[in-house]
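Asks: Right, I'll just put the structure down here and ask away after.
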Amino acid sequence: MVPAFVTTCVRVYTVRTLSQPQGLLALLRKLKSTPDRELRILLLGLDNAGKTTILKKLASEDIAHITPTQGFNIKSVQAEGFKLNVWDIGGQRKIRPYWQNYFENTDVLLYVIDSSDRARFEETGVELAELLSEDKLLGVPLLVLANKQDLVHSAPAAELADGLNLPAVRDRPWQIQACSALSGEGLKQFILSTFYKLGKFFSFLFR
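Next up, the structure:
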């Protein structure tokens, strides 16, 4: 039996499934062939979801002045022995058709949602569903960040998981995490825990 991809983080709500572990095993095989444990992370979501703020927070950079991403940003982040090359792609409607140009060789899909903007839940759900139907992203592990939990009336991760119909996703490992990019709550712990567990799993399989 394949161990769980990640465990539940303390003080935050998480969901996970591994009914179809092929995506995870493919990821582990890649890690076996790359000694430096380098991964390509695709960071997507609607405009104003907080993607760039999250990326800067993970890179321990100043988040005082953030401007909308018109094209893409690339940063390398170290996490538990992994080098994460994170591609942050703009989320404006006019840019979304170009997302497909960045699908190739993606190891993990990191999808960010503004959990306080309920008026756009349907829109973000449609975009995520389209991403999960893309052949080039087939089986790619999905990490959903329910951002802006520091704001009033933000939806909890459990509500978003149901609204996005994540329990029906069976072709890849997935997890949803409540977080705040501004405060960092639930963010770095989640990333570090995720890749710590992945490293442990890797060592278990290929020792």
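Just so you know, we're using the numbering used here here: the sequence shown kicks off at 915 and counts up by one. Glycine included, each C-beta is placed from N, C-alpha and C at the ideal position. For clarity, every value in this text was computed on a predicted model and none was experimentally measured.
Whole angstroms are fine: how far does the CA of phenylalanine 986 sit from the CA of glycine 1053?
Replies: 24 angstroms
Asks: In the DSSP output, which residue or residues are listed as bridge partners for tyrosine 1025?
Replies: Leu958 and Val1058.
Asks: Please report the distance separating the alpha-carbon of serine 974 from that of glutamine 1014.
Replies: Going from the Cα of serine 974 to the Cα of glutamine 1014 covers about 28 angstroms.
Asks: Among Pro1087, Ile1027, Leu1057 and Gly1039, which has the Cα closest to the Cα of isoleucine 955?
Replies: Leu1057
Asks: Touching or not, the region 1060-1072 and the region 1091-1107, by the rule of three or more beta carbon pairs under 8 angstroms?
Replies: Flag = yes, the region 1060-1072 and the region 1091-1107 touch.
Asks: Please state the DSSP three-state secondary structure of asparagine 1079.
Replies: coil
Asks: Tell me where the beta strand (DSSP E) around leucine 998 begins and ends.
Replies: Looking at the DSSP string, the run of the beta strand (DSSP E) that includes leucine 998 is 996-1003.
Asks: Under 8 angstroms, do glutamine 1006 and aspartate 961 count as touching if we go by C-beta distance?
Replies: In this structure, glutamine 1006 lies near aspartate 961, with their beta-carbon atoms less than 8 angstroms apart.
Asks: In the DSSP assignment, the alpha helix (DSSP H) including valine 1040 goes from what residue to what residue?
Replies: 1035-1046
Asks: By alpha-carbon positions, which one of Ile1003, Phe996, Asp976 and Phe1035 ends up nearest to proline 982?
Replies: Ile1003
Asks: Take the Cβ of aspartate 976 as the centre, count every other Cβ of all protein chains shown within 10 Å, and call the residue buried at 16 or more, exposed below.
Replies: exposed
Asks: With C-beta atoms as the reference, is glutamine 1077 less than 8 angstroms away from glutamine 1091?
Replies: Before going on, a small fix: residue 1077 reads as glycine here, not glutamine. In this structure, glutamine 1091 does not lie closer than 8 angstroms to glycine 1077 by Cβ.
Asks: Let me check one thing: in DSSP terms, what residues is leucine 1051 bridge-paired to?
Replies: Note: leucine 1051 sits in no beta bridge, so no partner.
Asks: Enumerate in chain order the residues of its own chain whose CB-to-CB distance from leucine 969 is below 7 angstroms, with the five nearest sequence positions on each side excluded.
Replies: Leu957, Asn987, Lys989, Val1000 and Asp1002
Asks: Kindly indicate the opening and closing residues of the alpha helix (DSSP H) around lysine 989.
Replies: Boundaries around lysine 989 are those of the beta strand (DSSP E), 986-993, since no alpha helix (DSSP H) includes it.
Asks: So if DSSP puts leucine 953 in a beta bridge, which residue, or which two residues, is it bridged to?
Replies: Leu998
Asks: Between which two residues does the beta strand (DSSP E) holding isoleucine 1009 run?
Replies: Secondary structure note for isoleucine 1009: it is in no beta strand (DSSP E), with a DSSP letter that is neither H nor E.
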